[in-house]
Structure formats: C-alpha cells, structure tokens
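Everything in the sequence shown is counted per the working numbering, starting at 146 for the first residue and increasing by one.
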Amino acid sequence: MFLKKPYLFLLAANFIFAEVQNNQTKIVAEVGHKTGKIVKITYEEVFKNILKMLQSRGVQPSQFVELAQKNPKVFAEIFSATKESMIKDSVLHFIAKEKDYSSNKDFINDLEEAKKNLMIQYEKSRYAKNASFSEAEYQNAYDNLMKEFKNVKQYSGRMIIVKTKSKADSIVKAIEGRNKSKSIEDSFIVFGKEHSIVPFDSNKGAFSMVEMEITKEYGKNVAAAVNSAKIGSVVVEQFGQDSKLSGNYGVFLISKSEDAKKPEMKDIKEALKSRLIIKKINEQITKASKDIGVKRYNKDGLLEEDSAKLVK
C-alpha cells in the first residue's frame, strides 16, 4: 500500500515533533565547564542540524522517517557525528574568543557583511510575518500565474543521485547494455537502489514536476536537459549551484511528458502568498529607492539614464 504524499509529510512532521518534544531540553554535551562559561548543546539543536544537513542533500521528510525508523543504528551514528561536529565548533569558538580580531581588517569586513545579510533577512521576515492579503489580491496573483501556465509541460520519470559524472555515465552505460528482456525502468530501479546517495526505496526515485519546479529544485541546466530529452531516454546532468544537491549529478529516466494540469487556487495559496510577499517587498524597495536615492551606471561608467539619452 502506498501512502499519499500529504500523509507522508504529516507523518514526518509528527515524528519530528514528537522526537524533539520528548528530548528538546536534554543536554547532550557541555563545552567550557572548566572556564565557568559553559556552552550547552541540546538534543533539539543537534536534531535540527541533522534535518538541515539531510535537506541540503535533497532528502525528503518521508525519506527521513524511513531512515530514522528502519535504520535506528544509522540514525544514531549520524546523531553522534553531528554532535561531535558541534562540539568541535564550540571548542574552536572558545579558542577564537581568546584571539583579538578587533584590528583584523578581513574579519571586520566579514562581520559587517554577515551583519548586513542578517539584517536583510530579518527585514524580509518582518514583511512575511505581517503580510495579510485580500481574496481579490490572491485572485489577481492566481490569474497572473495561470498566464505563465500556457504550454507548461509536466515531466514524470525517475532519477538516481550520485556524486560524480563518471559514476553517472557508468550507470547509463550499464542500463544501455542491460539484458533486453528487462525493461529500462526495472533496470533503472535496480541501479538506483545500488548507487543512489540518498534513500531510494520509498519512491524509487520517482518525480513528477513542471519545468518551473525542476528549475527551482535542481537548476536551469537540469530543466533544459529534461525538456530536450526523448521519452524513454536516460540523460545525465549536474545539479545547479543554487540547488540543495549542488555538486552532485542526476541520472534521469524520462517516462512521460504532458500538458500540466492547472492547479486550483486553494491548493497553491501558500505559493501565491509568497509571490505577493515578494511583490510587496519589491514595492517597498522601489519606494525607498526614490527616497534615499539610487544611481545605476553602465559598464562605461555612464549613468544609465544619460546612456539611454545618448542611444536615442
């Protein structure tokens, strides 16, 4: 019996919530107890770092549940390794605090850059937290999004995630040289179970996404490769720099391409809210730009407005 995706996400959320609730205040390490300035590391902090690490590698909540429940020993090893990494970082922080970085120009610049980026994120979060939109605004955002849905294709297939191109190419070669009595999909699943660097058993690497989703999750180059692939073919592409899987390679089996079904507004309201928040932030940026003054220069050092006049 296969569980539907919403249920899997709910299962994952409940498992994670229960795991943290039962252990969140549990101290798993103390650093600096001889100095009188103790840094405590809690179970919750380690657990959250594990989640971030798994998510950065493209592991979905349902796959995480599978890992934690079916392989408690593996999960315990990951927990222990993550805890040790956090302890090492805390010790390094103690060492660093003994140094005087107040006159280190690079440190000061990096600190200012980190502070600036943090302030930007907090400002964006403030807009998101206080955002409230009318049904008319949601409807307008939905209508605009649906205009982009013209000729949008939905791609379905399977993918195997590996670390190197040579490994990806060897999988393609093995699939092409398979015993032809076996279907390409059956062979693909066998190699996925054997070589995928992320849990593969739960959904056997299946995906069904529109081009925009592929671009967002895996990068423009992956979207282009999938878009140009023939049905039933296997292609290799490296994940984009902005992808959580950046640096790794995907082996993709494209099994279907069809016109994407337009989603109902109620099903994508959170996505619409994100678009409206971005629009609101951009409106505030435009207004503030006029108030504080912004000048843009082209590559020749001319103001863009003056450059436009010269072109005319």
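Ideal placement from N, C-alpha and C gives every residue a C-beta, glycine not left out.
First and last residue of the uninterrupted alpha helix (DSSP H) at residue i
| i | result |
| --- | --- |
| ALA281 | 280-292 |
| LYS327 | Premise fails: LYS327 is in no alpha helix (DSSP H) and is neither H nor E. |
| ASP314 | 310-321 |
Residue i in three-state terms, based on DSSP
| i | result |
| --- | --- |
| GLY438 | coil |
| GLY350 | coil |
| GLU403 | strand |
| LYS454 | Below a pLDDT of 50, predicted positions are generally treated as unreliable, and LYS454, at 47, falls in that range; the measurement from the model is reported next regardless. In the structure shown, LYS454 sits in a helix (DSSP, three-state: H, G or I). |
| LEU153 | With a pLDDT of 43 at LEU153, under the threshold of 50, the modelled position of this residue cannot be trusted; read the value that follows with caution. LEU153 falls in the helix class under three-state DSSP. |
| ARG303 | strand |
| MET146 | In this prediction, MET146 has a pLDDT of 33, which is less than 50 and means its spatial position is unreliable; what the coordinates show is noted afterwards. MET146: coil per DSSP, three-state reduction. |
| LEU447 | coil |
| ALA374 | coil |
| GLY395 | strand |
| SER277 | coil |
| ASP387 | coil |
| SER341 | coil |
| GLU409 | coil |
| ALA158 | Bear in mind that a pLDDT of 48 at ALA158, under 50, signals an unreliable position, so the number given afterwards is only what the model happens to contain. ALA158: helix per DSSP, three-state reduction. |
Terminal residues of the beta strand (DSSP E) in which residue i lies
| i | result |
| --- | --- |
| GLY181 | Counting along the chain, GLY181 falls outside any beta strand (DSSP E), and DSSP gives it neither H nor E. |
| ARG202 | First-last for ARG202: undefined, no H or E at that position. |
| GLU382 | 379-383 |
Nearest-angstrom Cβ-Cβ length linking residue i and residue j, presumed shorter than 8 Å
| i | j | result |
| --- | --- | --- |
| VAL355 | LYS298 | 7 Å |
| VAL204 | VAL317 | VAL204 to VAL317, Cβ: 24 Å. No contact. |
| MET304 | PHE352 | 6 Å |
| GLU358 | SER388 | Between SER388 and GLU358 the Cβ distance is about 12 Å, and since that is not below 8 Å, they are no contact. |
| GLY385 | LYS414 | Their Cβ separation, rounded to whole angstroms, is 27 Å, which puts GLY385 and LYS414 out of contact at 8 Å. |
| SER400 | GLY302 | 5 Å |
| ALA374 | VAL381 | That belief does not hold up - the Cβ atoms of ALA374 and VAL381 are roughly 10 Å apart, past 8 Å. |
| HIS340 | VAL371 | Actually they do not touch by this definition, with Cβ atoms about 20 Å apart. |
| ILE320 | SER332 | 5 Å |
| ILE195 | PHE224 | 7 Å |
| PHE239 | VAL176 | 7 Å |
Cross-strand partners of residue i (DSSP beta bridge)
| i | result |
| --- | --- |
| TYR188 | According to DSSP, TYR188 bridges with nothing at all. |
| ALA174 | ILE186 |
| VAL355 | GLN299 |
Contact test: residue i Cβ vs the ligand SAH heavy atom, cutoff 6 Å
| i | result |
| --- | --- |
| VAL343 | In the structure shown, the ligand SAH is absent, as is every other ligand, since no ligand is present at all. |
3-residue-minimum beta strand (DSSP E) runs that sit fully inside the region 212-275, ordered along the chain: none
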